[in-house]
Every structure is written in C-alpha cells, then in structure tokens.
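This report concerns only the one structure given below.
Numbering (the numbering used here), first residue to last: 27 to 555.
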C-alpha cells in the first residue's frame, strides 16, 4: 500500500468527514479525492506522466494538498516553491528539478511575471490559481473539465520519487532532497503512532507547505483526522482564533512562535478547552521555555520532536508526555533532551572515524530508518558524504545519548537560523554578501533575540581601506534576499575570521563572541528566554 491508496481509503471510509479547514473553506475526504483525481487527469491530458515534476508556487491553501494528492495518484514528483524565495532561488528550483508544470497563485504571478515568461519559453506549462492570474490555463477550469472521470493510475514502485524538497546548499542555492512514496508512507504511519493521534483529533501545524513539513500535514491519511491550514500564513491572533473555532485538539509550533502564542493567550480572550496536547519542534526549546509552556497550559500533555528534511520531514525522536512527566518529577535534565527514537528508527553517536561512542560522550548523530531520502538531486558526491552504504545518515548534529536512549543535541545542524519561525540558511546570506566588491570575508550566524528567537547577524571583514556602511550592504542585499534573510545587525571586524585547519569558518566560535559580549548587538541578550 502506498500513500495514494490511503487517499481513496479515506474517501471511502470517511467521505463526509472534514479533511482540511482553511479560512472559511472546508474540504471533506471525498472532496479531496475527487479534486485530486480531476487534477491528475488534467495533468495527464497536458502530456504529464509518471516521473515528471509538477511544482506549485502559492501561499497556504487547500489547493496545495489537492496538488500533492494529484501527484501521488499520477506518479508525478511534487515540488513546492517557497513564496519567500528571491528570484535566483525560484529560478534555480525550477531549472534544477526540470519542472514540466508550474501551478502559480495569482499573487505570485503578479510578482514574477517576467520570470514566468522565461519559464514558458523554456517549455514549462503554467496553470494559474485564483482570480486575476492572467495565465492561459486556469486551475479550477481544468478541474471542472475533468470532474467525475476516473484516472487510469500508472503502476508505482515503493522507491519511486514522490517529492523533491529543497533545502540549502553550500553554494547558497537550495539543494533538492529526493524522497520516495515508501518513505512518505512510513512517515504517515509512524508519526501517527508516535504521537498517539486518533481519528477524532483536529491537527494544526501552521508551517509553510513549500517546505518538507507538507508531509506532516497529510497525517490524516492514516486515520481520517482533520487538518487546519492557516489561510495565507501564520499570524498569532488568527492562529488562536482558529484553535477556538475549529476545536483543535493537537497543535505544533516552533519555540519562537510559542512565545508569541503564550503572550497573546495571556490576554484571556481565547478558549483553549479543546486542546489536549501541545507539540514543539524544528529547533531546540530551552528548559525555561518548556516550563513556561507547562505552566501556561497545565491541562495539556507536552511533546517535543526532532526530524529533518533528509528523513522525509518525519519525526525521528519523540520526547513524549510520559517523558515530560518524568522530567518534571524526577529527572530535570531531561528537559534538555529531544527524547528517544521512535519505533521506526535507530540512532548512534559516532566519532570522526565513524566508530560508535559510549553513552554520554559527544559525537555526530547518525540515524537509520525507512524514511531516509533517496539522494540529493544532481549531487552524487554530497549524497555519498551523508549516506553510508549500510543505510546510515550522518546528520552533522553534535549530540550525546544516555544509557536509556535519551538524545541531547549540543550544536545545531549547519547552524541553521530560525528567526520568527522562518528557517534561514547562513550560506544563502553569505553568498549574497560575498558578491559585494568591498567584502573580503563574511560569516552569518544566529544570535538570540528577545522577539524573534534568533536574529540574522553578519560578521564582515571588508577589503583593506574600503569598508562599506552597514546600510550600503543592506541595500545591496535587499533585492537579492528574502526579507527574513536580511541581517538585523552587521558587525565589521579588522582581522581575518577564525577558521579550522581545513579553512572552514569556525561558526560556533564566531557566534560565541556575541554570547560573551552582549554589547556587540543593539538588543538585550539577557531578555532572551
């Protein structure tokens, strides 16, 4: 059984049960099956078939999931394009994944008109979504034309690609992570098991579906539960109103957003009586923040997760409600843990030579399980660097594991910055700043921030005698980077940046400058939880 089989099963078993809520719209499982079937038929009539790439460039909406389900049915490969991407990143994703069809929301079509014309010249078929897109093909018209017909679904192998999710590359351009139908199936089943979801749950995870987390907003395929999608994106008050209105029982957000949610919730204007479990993940949550969440919603179970794009976005470890009860009652050190592996994964802590380390020692976290990626698209050497012949993934996270299997992260993977619930990859910002003729060296790090969780900070060594102003660098970046990627502070240094013996920047050392000397940034570090 593959995920596309689960779509039909949900439509048969729960035809009138809500599958997705988004703003005023409600789509049942029958609706999702029928509209995905119609879209798959429309794509087939456009000459698209198994293995072709069909991308979507849109804000959050139910159409994003209709598109994903259609790709599962037809055997095409789904690509989501982040609406925060700069022009160069959008172009790269479209060309790197050899997009055959691009579904474009009207708002994005207005922004990207010039690029879209170039894509058409390269043979990409464009489909407009929503009112006023101005494109030759219209999404709803295509679905209406194919409604009520049945797709002759092609045979699929479990290892066939179902989606390509883009993350960051060392060049600053995103790299494609190729993921299979079988991996997605395991994510759906084991996440529902690990989190204890039931068919009666209403699940709310307001994260950008252009990213790998789309896999976690199709979990209802396992049990028929409903999902809530934030219309257009996350906003704190709307999020809390959605919880109240849709009677959400389980929600997840990143630690930064949890602070905003608790601050707004404290106004007393919201009904949280339907919520039974609060989940946080994507970035480490401090023990102080976890204790604050527990104090805010003592009636709710807590759960923390750890996952990664290369594992199909599925959560590999779970710090369960039982683990948190134990942490609060007898083992406070567990508040710093990301939990233990789920039943579908095994973990190992290795030294630089790949030898397994004993309990308590720090090394690189290695993982093995059925949801690991197939490869990095067009990057065989990079794939071999992280995937071993015997099926282990080298995660690049420095971690330790105690005798009971609890895992503790000590350094963040590739120093990913999470600012205001948005992922920012330092290499993307560094690549742009390095293009400035007066910049000799640059390192970008995340520095704690009282409002944003982390702030993007650039450390720059200018060419001798030619230092630009911080404003000049920001102006240079403004049309080359998305808004969340723009540095909130630029620090100029006169000496070369610290490097390893292999000439890699010592990012942790650079980040520690700010922790040792808070005066280096114009905001109070002591106010950060």
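C-beta: ideal position from N, C-alpha, C; glycine also. Being a predicted model, the structure only gives us computed values, none of them experimental.
- The secondary-structure analysis by DSSP pairs residue 155 across a beta bridge with 131.
- Of 252, 241, 242, 232, the smallest CA-CA separation from residue 266 is found for 232.
- Annotation for residue 332: the continuous beta strand (DSSP E) segment containing it runs 327-333.
- Contact annotation, residue 158 with residue 132: C-beta distance approximately 5 Å; criterion of less than 8 Å satisfied.
- Under the DSSP assignment, residue 284 falls in the alpha helix (DSSP H) whose first and last residues are 281-291.
- Its Cα nearest to that of residue 252, the residue 225 stands out among 225, 496, 375, 234.
- In this structure, DSSP gives residue 192 an extended state, which the three-state scheme calls strand.
- Nearest Cα to residue 178 within the set 67, 54, 328: 67.
- Take the alpha-carbon of residue 400 and the one of residue 519: they are about 42 Å apart.
- By the beta-carbon neighbour count (other beta carbons within 10 angstroms, threshold 16), residue 170 is exposed.
- Two segments are said to touch when three or more pairs of C-beta atoms, one from each, lie closer than 8 Å; by this definition the region 197-212 touches the region 396-411.
- Inter-residue distance for residue 524 and residue 517 is about 15 Å (C-alpha atoms, whole angstroms).
- Annotation: the continuous alpha helix (DSSP H) that includes residue 29 extends over 29-39.
- Annotated three-state conformation of residue 302 is coil, per DSSP.
- A straight line joining the alpha-carbon of residue 290 with that of residue 39 spans about 38 Å.
- Contiguous alpha helix (DSSP H) elements confined to the region 365-414 occur at 406-412, taking only those with 4 or more residues.
- Around the beta-carbon of residue 541, fewer than 16 other beta-carbon atoms lie within 10 Å, marking it exposed.
- Nearest neighbour of residue 187 by Cα position, chosen from 487, 215, 75, turns out to be 75.
- Residue pairing of residue 48 in beta bridges, as defined by DSSP: 51, 255.
- In the DSSP assignment, residue 518 falls outside any alpha helix (DSSP H) and within the unbroken beta strand (DSSP E) covering 515-519.
- Pairing residue 304 with residue 260 gives a Cβ-Cβ distance that is not under 8 Å.
- For residue 503, no beta strand (DSSP E) run applies; the uninterrupted alpha helix (DSSP H) run containing it begins and ends at 496-504, by DSSP.
- Leaving aside the five residues that flank residue 257 on each side, the residues in its chain whose CB is nearer than 7 Å to its CB run, in chain order, 48, 49, 86.
- Within the model, the alpha-carbon separation for residue 366 versus residue 219 is close to 14 Å.
- Beta-bridge analysis with DSSP links residue 434 to 426.
- In the three-state DSSP reduction, residue 99 falls in the helix class (H, G or I).
- In the DSSP assignment, residue 455 falls within the unbroken alpha helix (DSSP H) covering 452-459.
- Per DSSP, residue 270 is one residue of the alpha helix (DSSP H) stretching across 262-272.
- When DSSP states are grouped into helix, strand and coil, residue 86 belongs to the coil group.
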